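Here the sequence shown is numbered in full-length UniProt numbering, starting from 1 and rising by one per residue. Please read the structure below before turning to the comments.
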Amino acid sequence: MEVTFQFDWAAAFRSIPHLLPGIPWTLLISFGGLAIGFFIGIFFGLLRISPIRWLRWPAILYIEVFRGTPILVQVLFIFYGLPQLLGGPINALTAGIAAIAINSGAYISEVVRGGVQSIERGQREAGLSLGLSRSQAFRYIIWPQAFRRMIPPLGNQGIISIKDTSLFSVIGVGELVRQGQIYIATTFTALEVYFMVALMYLAITWSLSIALRLLERKGLVGQ
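Laid out in structure tokens, this is it:
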């Protein structure tokens, strides 16, 4: 039996007002989690390159655990598992932000480590020869150069984290995918709705990619 199907553009465009409320939630979870993850990444990234072994090992453990397990498992553990340990429920939004924070923090730790280690040793030695302390040499010489080199991979991690929020519909967060699921339940237009959801994610991530390319052209990132 031949099955014919025609894409319903009208149904796709009708879904837009129902999907738009999911964009603020998507951005809040992704960028809120990334902001926290950035500081987590700096902390563990610097521990990762510490000359003191007992400081390096906790950082290595954190990085390997959270890079080696799926973010979906992490958010399910936070939302369903932690309440059993804490004795109280955890808000879905909080669970989503926490999952992005700890997951992105593990990846950002490696970005920080790579950025700092990419600066030539002579830069630090030059700072010390000028009378700067080790912390001052790091703050005023090493870190500014390293941070510029970190921006492109940090931007890539931002794009990944934005897409990761699509998994959080499983805990009821009202992001784009969840809004689409709710609308599909009453209209049965899955193909059209998910097509629009994909376009909205593409618009968000593409905008971030363009911003990063503009920074690179202006020489504000990289070498």
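Every residue, glycine too, gets a C-beta built ideally from N, C-alpha and C. Since the model is a prediction, treat every value here as computed from it, not as a measurement.
| query | result |
| --- | --- |
| Measuring straight from C-alpha to C-alpha, what distance separates residue 196 and residue 183? | 12 Å |
| Is it buried or exposed, residue 247, if we count other Cβ atoms within 10 angstroms and call 16 or more buried? | With the chain represented from 1 up to 223, any question about residue 247 goes unanswered, as that position is not in the structure. |
| Check this for me: beta carbons of residue 171 and residue 101, under 8 Å apart or not? | no |
| Could you have a look at residue 218 and say whether DSSP puts it in helix, strand or coil? | coil |
| I need the straight-line Cα distance from residue 163 to residue 201, nearest angstrom please. | 7 Å |
| So, do the stretch 75–88 and the stretch 133–148 have three or more beta carbon pairs nearer to each other than 8 Å? | no |
| If I measure Cβ to Cβ from residue 150 and keep anything under 7 Å in the same chain, skipping five residues before and after, which residues do I get? | 111, 112 and 115 |
| Once you ignore the five residues that flank residue 25 on each side, which residues in its own chain have a CB closer than 7 Å to its CB? | 173, 174 and 175 |
| Taking just the CA atoms, how far does residue 32 sit from residue 42? | 16 Å |
| Taking only runs that begin and end inside the stretch 47–86, name each unbroken alpha helix (DSSP H) of 4 or more residues, in chain order. | 53–67, 71–76 and 82–86 |
| Taking the alpha carbon of residue 37 as the point to measure from, which residue in 210, 157, 198 and 203 has its own alpha carbon closest? | 157 |
| How far does the alpha helix (DSSP H) with residue 179 in it extend, from its first residue to its last? | 176–187 |
| Straight-line CA distance for residue 190 to residue 88? | 36 Å |
| Would you mind sorting residue 177 into buried or exposed? The rule is 16 or more other CB atoms within 10 Å of its CB. | buried |
| With a threshold of 7 Å on Cβ separation, who are the neighbours of residue 137 within its own chain once the five nearest residues in sequence on each side are excluded? | 124, 127 and 128 |
| By how many angstroms is the C-alpha of residue 205 removed from the C-alpha of residue 15? | 20 Å |
| Going by alpha carbons, who is nearest to residue 168 out of 17, 11 and 28? | 28 |
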